[in-house]
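Q: Before I ask anything, let me first share the structure, which is written out below as structure tokens.
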Amino acid sequence: MVPPFGEAHNHNVEPSSRIGRTIERYLRDGVFYVKNPNNLPTARRVLAGRVNTPTSIDVAFANGGLTGAGGHPILIVQRNIERGAWTEDDGEGAFYVPVDREADLPRAMAGVLDGRPDFLKTYLLYSEEYAQRKDDPAFSGWKGLDPALLPEIVRRAHEAGLRVSAHVETAADFHNALVAGVDEIAHIPGFRGDSNVQLPDPAVFEISEDDARLAARLGTSVVTTVGGVRGLDPAGPDSLLRRRFDRLHARNLRLLHEHGVRLALGSDDYDDTSAGEAMYLRGLGVFDDLELLGLWAVATPRAIFPGRAVGCLEEGCEASFLVLRGNPLSDFEHVRDIVLRVKQGVILSAVPAPPRARSRDVERRPHPPRDRLHRDRGR
Amino acid sequence: MRTSALVACCTSVILLSGCSGSARGGDDGPEQDDTAARRVVAFAGGRWFTGTSFEERTAYVVGGVLTFEPPARVDSTVDLAGATWSLRSGRPTTTT
């Protein structure tokens, strides 16, 4: 018996025609706890009764995040409006809240708090170039908050009882998020490379030893989200790039792990659960199987629901667990061989088998198109 | 695997703690109704992850919460023998 797994970064739990299949997939993979770090504020109401029940997954929602004008995730909003899936009302003030000056903060925070989020999402993207990017439309979607505003945002959020999660792209973002006092960093720097999904200068994404030490001292949680590079076939035309990503991710993860930084496993992969991320991490060789199991089944659920007795099988813990057919410390593949799922005392007895793969079914492609690595990740 | 003395209450789940048990998300944890709180279910024959290794124990679920102290009353028992690696082989094979 192991505690159910966690997914600390995914946006796929949202109102959509595929939500039923998404929930089934989470349950099938044994992933009971999910953190959605940016969603339409209506998601919780629309999904009421479908999540956060004993027979479904439990989800923590951020609602719309705070970003700079023209900043990430504005391109996602524009794309969804162009596709006819969303309207203008789903953008500013809903999926994202722009904040450029401290004077904007009281109104922005009031709007965010009105939606009763479980935590607050903030965005830093190339914050070391904030002044350069701020008014340049060429960087639309590739910029975020003024890093000088983030400490005050964190202060106000904490005052309201909200933990703060920060999107980062670069090592400088990572540093700025840390010193601002955020509770969680939602990505490892370089998780998707630059705006062209390249790594011309990996040093931009290399976390410093001082920052790793600081993250450990502050107790800041860091979410992995590095498994998207599985979209780059290690034996294919982008194998060199894949190896560069693998080296960067292994280097950053090893540094954080050696300094005792709190890590949480998250995929940020709309078409997957954290299962793929776990397998990618295993392949990197940074963690042994016991450490990886602890990361996925213990640390991640606790990072998602820090006030709950989850991620444990001790006296007084929630009665949620997975029965595996074999010992995952002898063969880690047993994490995929779940014979019984129990959630909050309820045996989930009818989790559907995975549907057969179809040629058009992107969800089950072993290597998603490289374009998707860039386009659909990083919220 | 056998799930002795269990009653299938709903279409897709077997409720150990009553069909009307409910929970909500956020940091408040599960909310169980009075029926759930009264029902006691044992899980026997499994090995439980401690964070560093696996230990063979019998666990009890009371109101959606785990306990390893045998309660005065057990309403039903889930026998995990045969479902898992631990007892099927007859000897523990865990590593620490």
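Chains L and Z, in that order, are what the protein sequence lines are.
Quick note: the first sequence uses the numbering used here, first residue 1, plus one each step.
Quick note: the second sequence uses the numbering used here, first residue 380, plus one each step.
Glycine is no exception: its CB is placed at the ideal position from the N, C-alpha and C atoms.
Nothing here was measured: the structure is a model prediction, and the numbers come from that model.
Quick one: Cα of H158 (chain L) to Cα of K121 (chain L), how far?
A: Locating residue 158 (chain L) in the first sequence gives position 158, counting from the first residue. Locating residue 121 (chain L) in the first sequence gives position 121, counting from the first residue. For H158 (chain L) and K121 (chain L), the distance between alpha carbons rounds to 13 angstroms.
Q: For the candidate residues L:R156, L:Y126, L:A297, L:L47, whose alpha-carbon lies nearest to that of D104 (chain L)?
A: Taking the first sequence and counting its residues from 1, one reaches residue 104 (chain L) at position 104. Taking only the C-alpha atoms, the option nearest D104 (chain L) is L:R156.
Q: Is E435 (chain Z) helix, strand or coil by DSSP?
A: Taking the first residue of the second sequence as 1, we reach residue 435 (chain Z) at position 56. E435 (chain Z) falls in the strand class under three-state DSSP.
Q: Assuming contact is defined by CB atoms lying nearer than 8 angstroms, are G345 (chain L) and V440 (chain Z) in contact in what I supplied?
A: For the purposes of this step, residue 345 (chain L) is taken as residue 345 along the first sequence, with counting starting at 1. For the purposes of this step, residue 440 (chain Z) is taken as residue 61 along the second sequence, with counting starting at 1. Cβ distance < 8 angstroms, so G345 (chain L) and V440 (chain Z) count as in contact.
Q: Assign T53 (chain L) to one of three DSSP states: helix, strand, or coil.
A: Your numbering for residue 53 (chain L) matches position 53 in the first sequence. Correct three-state label for T53 (chain L): coil.
Q: Tell me G84 (chain L)'s beta-bridge partners as DSSP assigns them.
A: Within the first sequence, the letter at position 84 stands for residue 84 (chain L). According to DSSP, which records beta bridges pairwise, G84 (chain L) is partnered with nothing at all.
Q: Does DSSP put N12 (chain L) in a helix, a strand or coil?
A: Your numbering for residue 12 (chain L) matches position 12 in the first sequence. Correct three-state label for N12 (chain L): coil.
Q: Determine whether the beta carbon atoms of F433 (chain Z) and N327 (chain L) lie at a separation below 8 angstroms.
A: The residue you call residue 433 (chain Z) lines up with position 54 of the second sequence. The residue you call residue 327 (chain L) lines up with position 327 of the first sequence. For F433 (chain Z) and N327 (chain L), yes; Cβs fall inside 8 angstroms.
Q: Give the DSSP-derived three-state secondary structure of F191 (chain L) in the structure shown.
A: Taking the first residue of the first sequence as position 1, residue 191 (chain L) is located at position 191. Three-state result, F191 (chain L): coil.
Q: R452 (chain Z) to L313 (chain L), Cα distance in whole Å?
A: As a working mapping, residue 452 (chain Z) is identified with position 73 in the second sequence. As a working mapping, residue 313 (chain L) is identified with position 313 in the first sequence. Approximately 21 angstroms, taken between the alpha carbons.
Q: So with CB distances below 9 angstroms, who are the chain L contacts of V419 (chain Z)?
A: Counting from 1 along the second sequence, the entry for residue 419 (chain Z) is found at position 40. Residues of chain L passing the Cβ test: none, with the nearest at roughly 10 angstroms.
Q: Using only the alpha-carbon positions, how far apart do L256 (chain L) and T225 (chain L) sit?
A: Position 256 of the first sequence, counted from the first residue, corresponds to residue 256 (chain L). Position 225 of the first sequence, counted from the first residue, corresponds to residue 225 (chain L). Approximately 14 angstroms between the Cα atoms of the pair.
Q: Can you confirm whether V440 (chain Z), when its beta carbon is compared against all beta carbons of chain L, has any partner nearer than 8 angstroms?
A: Position 61 of the second sequence, counted from the first residue, corresponds to residue 440 (chain Z). Yes, contact with chain L.
Q: Indicate whether at least one CB of chain L lies closer than 8 angstroms to the CB of G430 (chain Z).
A: Your numbering for residue 430 (chain Z) matches position 51 in the second sequence. Chain L, which has a Cβ nearer than 8 angstroms to the Cβ of G430 (chain Z), makes this yes.
Q: Could you pull out every unbroken alpha helix (DSSP H) segment of at least 4 residues lying fully inside the region 111 to 174 of chain L, listed in chain order?
A: Listed in chain order, they are 130 to 133, 150 to 159.
Q: Taking C-beta to C-beta, are A319 (chain L) and G311 (chain L) nearer than 8 angstroms?
A: On the first sequence, residue 319 (chain L) is found 319 positions in, with the first residue counted as 1. On the first sequence, residue 311 (chain L) is found 311 positions in, with the first residue counted as 1. No.
Q: Quick one: grab the DSSP three-state call for L290 (chain L).
A: As a working note, residue 290 (chain L) is residue 290 in the first sequence. DSSP places L290 (chain L) in helix when its eight states are reduced to three.
Q: Could you spell out the range, first to last residue, of the beta strand (DSSP E) harbouring L340 (chain L)?
A: Your numbering for residue 340 (chain L) matches position 340 in the first sequence. Segment 338 to 343, the beta strand (DSSP E) holding L340 (chain L).
Q: Hey, could you find the ends of the alpha helix (DSSP H) E92 (chain L) is sitting in?
A: Against the first sequence, residue 92 (chain L) aligns to sequence position 92. Neither: E92 (chain L) is in no alpha helix (DSSP H) and is coded neither H nor E.
Q: In the DSSP assignment, what residue or residues form a beta bridge with E209 (chain L)?
A: Position 209 of the first sequence holds residue 209 (chain L). The partner list for E209 (chain L) (beta bridge, DSSP) is empty, contrary to what the question assumes.
Q: Does DSSP classify S239 (chain L) as helix, strand or coil?
A: Here residue 239 (chain L) refers to the residue found at position 239 when the first sequence is read from its first residue. Three-state result, S239 (chain L): helix.
Q: Quick one: using the 10 Å Cβ neighbour count with 16 as the cut-off for buried, is V2 (chain L) buried or exposed?
A: Within the first sequence, the letter at position 2 stands for residue 2 (chain L). By the neighbour-count rule (16 or more Cβ atoms within 10 Å), V2 (chain L) is buried.
Q: Given this structure, state the Cα-to-Cα distance separating A275 (chain L) from V51 (chain L), to the nearest angstrom.
A: Position 275 of the first sequence holds residue 275 (chain L). Position 51 of the first sequence holds residue 51 (chain L). Whole-angstrom Cα-Cα distance: 19 angstroms.
Q: Check T473 (chain Z) in the structure and name its three-state DSSP category.
A: Your numbering for residue 473 (chain Z) matches position 94 in the second sequence. With a pLDDT of only 28 at T473 (chain Z), under 50, the local geometry of the prediction cannot be trusted, and the value read off the model is given with reservation. T473 (chain Z) falls in the coil class under three-state DSSP.
Q: Looking only at its chain, what residues have a beta carbon closer than 8 angstroms to the beta carbon of T55 (chain L), apart from the 5 residues adjacent to it on each side?
A: Residue numbering aside, residue 55 (chain L) sits at position 55 when the first sequence is read from its first letter. Result list for T55 (chain L): K343, V346, L348, in chain order.
Q: When you compare only the Cα positions, how much space is there between V197 (chain L) and R251 (chain L)?
A: Taking the first sequence and counting its residues from 1, one reaches residue 197 (chain L) at position 197. Taking the first sequence and counting its residues from 1, one reaches residue 251 (chain L) at position 251. Cα to Cα, the separation comes out at about 18 angstroms.
Q: Got a sec, what are the start and stop residues for the beta strand (DSSP E) E7 (chain L) sits in?
A: On the first sequence, residue 7 (chain L) is found 7 positions in, with the first residue counted as 1. Run containing E7 (chain L): 5 to 7, per the beta strand (DSSP E) assignment.
Q: Determine the closest residue to L162 (chain L) out of L:V59, L:P117, L:E169, with distance taken between C-alpha atoms.
A: To locate residue 162 (chain L), count along the first sequence from 1; it is residue 162. Comparing Cα positions, the closest option is L:P117.
Q: Could you give the first and the last residue of the continuous beta strand (DSSP E) run that contains T446 (chain Z)?
A: The sequence position of residue 446 (chain Z) within the second sequence is 67, counting from 1. Counting along the chain, the beta strand (DSSP E) containing T446 (chain Z) begins and ends at 444 to 446.
Q: Under a CB-based cut-off of 8 angstroms, is A303 (chain L) close to chain Z?
A: Position 303 of the first sequence, counting from 1, holds the residue named residue 303 (chain L). No, because no Cβ of chain Z sits closer than 8 angstroms to the Cβ of A303 (chain L).
Q: Under 7 angstroms between beta-carbons, which chain L residues line up against G425 (chain Z)? List them in chain order, please.
A: Translated into positions along the second sequence, residue 425 (chain Z) becomes position 46. Neighbours of G425 (chain Z) on chain L, chain order: M1, V323.
Q: Could you tell me which residues DSSP puts in a beta bridge with R426 (chain Z)?
A: Locating residue 426 (chain Z) in the second sequence gives position 47, counting from the first residue. Answer by DSSP bridge pairing, in chain order: Z:E435.
Q: Going by C-alpha distance, which of L:T42, L:A131, L:A215 is nearest G93 (chain L)?
A: If you number the first sequence from 1, residue 93 (chain L) lands on position 93. If we check each option's Cα against that of G93 (chain L), L:T42 comes out closest.
Q: Would you report the Cα separation of A216 (chain L) and L178 (chain L), rounded to the nearest angstrom?
A: The residue given as residue 216 (chain L) occupies position 216 in the first sequence. The residue given as residue 178 (chain L) occupies position 178 in the first sequence. Taking the straight line joining both Cα atoms gives about 10 angstroms.
Q: Would you list, in chain order, the members of the region 1 to 23 of chain L that have their beta-carbon closer than 8 angstroms to a beta-carbon of chain Z?
A: Within the region 1 to 23 of chain L, the residues whose Cβ lies closer than 8 angstroms to some Cβ of chain Z are M1, V2, P3, listed in chain order.
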